[in-house]
Amino acid sequence: MSLPLLCDLSRQELAEWCQAEVGQPYRAEQIRRWIFGKRANDFEVMTDISALLRKRLAETYALFASEIVSHQRSIDGTEKLLLEFRDGSHVECVLMREGDRRTICISTQVGCGMGCVFCASGMMGFKRNLSTGEILEQLLRMDRLLDPEERITNIVVMGMGEPMANLPNLLKALASLDEKGGMGIGVRRITISTVGLPDKIRELAALGRRYNLAVSLHAPNDALRNTLVPVNERIGIPAILAAADEYFDRTGRRVTYEYVVLRDVNDSAEQAEELGRLLKGRGAHINLIPMNVVSELPFGDPRGERLTTFVEILERHGVATTVRKRKGADIDAACGQLRLRHLQQLETANIP
Ligand code: SF4
Numbered sequence: 002m003s004l005p006l007l008c009d010l011s012r013q014e015l016a017e018w019c020q021a022e023v024g025q026p027y028r029a030e031q032i033r034r035w036i037f038g039k040r041a042n043d044f045e046v047m048t049d050i051s052a053l054l055r056k057r058l059a060e061t062y063a064l065f066a067s068e069i070v071s072h073q074r075s076i077d078g079t080e081k082l083l084l085e086f087r088d089g090s091h092v093e094c095v096l097m098r099e100g101d102r103r104t105i106c107i108s109t110q111v112g113c114g115m116g117c118v119f120c121a122s123g124m125m126g127f128k129r130n131l132s133t134g135e136i137l138e139q140l141l142r143m144d145r146l147l148d149p150e151e152r153i154t155n156i157v158v159m160g161m162g163e164p165m166a167n168l169p170n171l172l173k174a175l176a177s178l179d180e181k182g183g184m185g186i187g188v189r190r191i192t193i194s195t196v197g198l199p200d201k202i203r204e205l206a207a208l209g210r211r212y213n214l215a216v217s218l219h220a221p222n223d224a225l226r227n228t229l230v231p232v233n234e235r236i237g238i239p240a241i242l243a244a245a246d247e248y249f250d251r252t253g254r255r256v257t258y259e260y261v262v263l264r265d266v267n268d269s270a271e272q273a274e275e276l277g278r279l280l281k282g283r284g285a286h287i288n289l290i291p292m293n294v295v296s297e298l299p300f301g302d303p304r305g306e307r308l309t310t311f312v313e314i315l316e317r318h319g320v321a322t323t324v325r326k327r328k329g330a331d332i333d334a335a336c337g338q339l340r341l342r343h344l345q346q347l348e349t350a351n352i353p
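Using the working numbering, the first residue of the sequence shown is number 2, and each one after it goes up by one.
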């Protein structure tokens, strides 16, 4: 029988376990420093902890629950891992290098139930939520790819899955990072992305933790958004914008709207005008993401001149606009693409 994951425990829960085992709750900080700060891969190396406690740790908990089944490196320094968990589930995580920044993109679910038609993860449907420890494990695996002097500086929760649909496990993981003995990555350096679930956005705002919020909009009106993001049919853009405005009012954090630009689908001048009118005066920021072409999907990347016009129109409306640089173009960097390819290879090879 496999052991539970140590990283499923909060700092407090680990302290309680240490208290029960050896009457020394402060050992939790030491253990956490080994895992999050000193990149320990084994309980045995934790030499400032008694042999008895190390033995009990090894008998009770697993430090990792995944295997790396694929590791891709791009010429621009981007790295991507495909992890396989004990139940055979696969998730992806990405490390991006930009100047001094080391940003990692993590997944929160196996598959995704939102069904966005331009997304490889959406094609596969929802399988299950990741646990707190499985979410943190992606960080630990990525952290161990870095050079000794490098540190993860930013986290974007934009990988596979809808983060707001697994909020309790995600929030416990993010809080653990900022607790004593964690990685010291605070809320300002963490961005949570959502397809736009208004109740969950309000729940997050009510917590008083000022994470950066990114809303994946992808269309300037409901008619188009319903075709790209099917879950929109029962939500609608006005309800999403109202919740996002509330998030801004309560936290003071400017909301980012993500917009995957799909050639001849949502990249016209008229659509840019409509989007500009929608976001004008909201203190919002829009991040345009040129489509990363996935061969299984019928969408193209936007042509340069159309994208330039699109940006100009948004800026004329006073909406702060950026175009995301393409990272890892020579690897399977689009969301869910690596997992999809791996599953296809298994199918081709007839491996269960
Ligand atoms: S884009 Fe995000 S929300 Fe949409 S299907 Fe893919 S993983 Fe899910």
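The beta-carbon is built from N, C-alpha and C at its ideal position, and this holds for glycine as well.
DSSP beta-bridge partners for residue i?
| i | result |
| --- | --- |
| K281 | According to DSSP, which records beta bridges pairwise, K281 is partnered with nothing at all. |
| P149 | Bridge partners of P149: none, in fact. |
| L84 | I69, V92 |
| F127 | G112 |
| N222 | The partner list for N222 (beta bridge, DSSP) is empty, contrary to what the question assumes. |
| Y258 | V216, I287 |
| I156 | I105, I191 |
| A63 | L6 |
Report, in whole angstroms, the separation of the C-beta atoms of residue i and residue j, which I expect to be a contact under 8 Å.
| i | j | result |
| --- | --- | --- |
| Y62 | L4 | 6 Å |
| G112 | M125 | 5 Å |
| N170 | N213 | About 19 Å separates the two Cβ atoms, so there is no contact after all. |
| R264 | M292 | 7 Å |
| F127 | V261 | Not confirmed; about 20 Å, so no contact. |
| I287 | L308 | No, I287 and L308 are not in contact; Cβ-Cβ is about 13 Å, not under 8 Å. |
| E313 | I290 | That pair is no contact at about 18 Å. |
| T109 | P164 | 5 Å |
| R33 | L15 | 7 Å |
| I50 | R103 | I50 to R103, Cβ: 28 Å. No contact. |
| I36 | L140 | No, I36 and L140 are not in contact; Cβ-Cβ is about 10 Å, not under 8 Å. |
Buried or exposed, going by whether 16 or more other CB atoms sit within 10 Å of the CB of residue i?
| i | result |
| --- | --- |
| P303 | buried |
| M184 | buried |
| C8 | buried |
| E80 | buried |
| R317 | exposed |
| K173 | buried |
| Q13 | exposed |
| Y27 | exposed |
| L53 | exposed |
| L6 | buried |
| G100 | exposed |
| P353 | Low confidence applies here, because P353 scores a pLDDT of 35, under 50, leaving its location unreliable and the question unanswered by this model. |
| V95 | buried |
| M2 | exposed |
| S67 | buried |
| I69 | exposed |
| N233 | buried |
| G319 | exposed |
| V196 | buried |
Please state whether DSSP places residue i in a helix, a strand or coil.
| i | result |
| --- | --- |
| L10 | coil |
| K37 | Here the sequence assigns Phe to residue 37, which means Lys is not the residue at that position. Residue state, collapsed to three classes: helix. |
| A121 | helix |
| T109 | coil |
| L214 | strand |
| M97 | strand |
| V70 | strand |
| I287 | strand |
| E180 | coil |
| V196 | coil |
| V92 | strand |
| R235 | helix |
| T104 | strand |
| I76 | coil |
| L48 | For the record, residue 48 in the displayed sequence is Thr; it is not Leu. Three-state DSSP puts T48 in coil, outside helix and strand. |
| V324 | strand |
| Y27 | coil |
| R264 | coil |
| V312 | helix |
| M165 | helix |
Any heavy atom of ligand 3 inside 7 Å of the beta-carbon of residue i?
| i | result |
| --- | --- |
| M115 | Here the bound small molecules are ligand 1; ligand 3 is not part of this structure. |
Take every Cβ of the region 11-26, pair it with every Cβ of the region 65-85, and state whether three or more of those distances are shorter than 8 Å.
no
Please confirm if the region 184-199 is in contact with the region 154-163, defined as three or more CB-CB distances below 8 Å between the two stretches.
yes
Check whether the region 199-217 and the region 247-254 touch, using three or more Cβ-Cβ pairs below 8 Å as the test.
Touching, per the Cβ criterion.
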